[in-house]
Amino acid sequence: MSNHNKIRPVDKNNLNGQYKILFSTPQTPNSNIPKEFRGLQIFPNKLKAEQALRDRKKLTGILEKKRAKGMKGNKRLIGNVGGDKSNLVQYDPQVQRLKNDKIKRAKELYSEGYKKSEIMRIIIKEFKLKRNINSRSWPRWLSEL
Numbered sequence: 014m015s016n017h018n019k020i021r022p023v024d025k026n027n028l029n030g031q032y033k034i035l036f037s038t039p040q041t042p043n044s045n046i047p048k049e050f051r052g053l054q055i056f057p058n059k060l061k062a063e064q065a066l067r068d069r070k071k072l073t074g075i076l077e078k079k080r081a082k083g084m085k086g087n088k089r090l091i092g093n094v095g096g097d098k099s100n101l102v103q104y105d106p107q108v109q110r111l112k113n114d115k116i117k118r119a120k121e122l123y124s125e126g127y128k129k130s131e132i133m134r135i136i137i138k139e140f141k142l143k144r145n146i147n148s149r150s151w152p153r154w155l156s157e158l
């Protein structure tokens, strides 16, 4: 249960006294959140506490819009701009064809009675893969044979 952004009386016995709100504290020193909305804040009455909570929630909305605006045009993930999975290398038709050919050949070798480690070595040689012949880790498709 979160204690953040909830108005509580400082003294449970005196409900007409001061009220407190525990705001979250940013981990970075250079935050856009003003000091009055960080950590434990005490207010003289409930009306002021409610107003501060409304202001903090309004600020959260403003900061979210500002962050989203700053992310527009972000080109850090050039290969996958906008989350389009068709841009990923593993979905390239040529890569898929090679994978399917390797799986087909592995199934043939398995039905001929070869062990998985032998199948891996044969596939590495036949398809001229850049992989250690003595590798002990198998790709997932070979593990599932």
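Letter by letter, the sequence shown follows residues 14 to 158 of the working numbering.
Cβ atoms here follow ideal geometry from the backbone N, Cα and C, with glycine treated the same way.
Pull up the DSSP beta-bridge partners for Gln54, would you.
Ile34
If you run the structure through DSSP and keep just helix, strand and coil, what is Pro106?
helix
What separation, rounded to the nearest whole angstrom, lies between the Cα atoms of Phe50 and Asp24?
21 angstroms
In whole angstroms, what is the alpha-carbon distance linking Asn93 and Lys59?
Legend: pLDDT at Asn93 = 49, less than 50; position of this residue unreliable, no value from coordinates given.
Top-ranked residue by Cα proximity to Pro152, from Asn113, Lys85, Arg67:
Asn113
Under 9 angstroms between the Cβ atoms of Gln31 and Ile46?
no
Tell whether a beta-carbon distance below 9 angstroms holds between Arg118 and Ile137.
no
Confirm, please, whether the CB-CB distance from Ile132 to Leu101 is below 9 angstroms.
no
Check Asn93 in the structure and name its three-state DSSP category.
No answer about Asn93 holds up, because its pLDDT of 49 lies below 50 and its placement is not dependable.
Which residues DSSP lists as bridging Pro22, in chain order
Tyr32
Applying the criterion that 16 or more other CB atoms from any shown protein chain within 10 Å of the CB defines a buried residue, is Ala81 buried or exposed?
exposed
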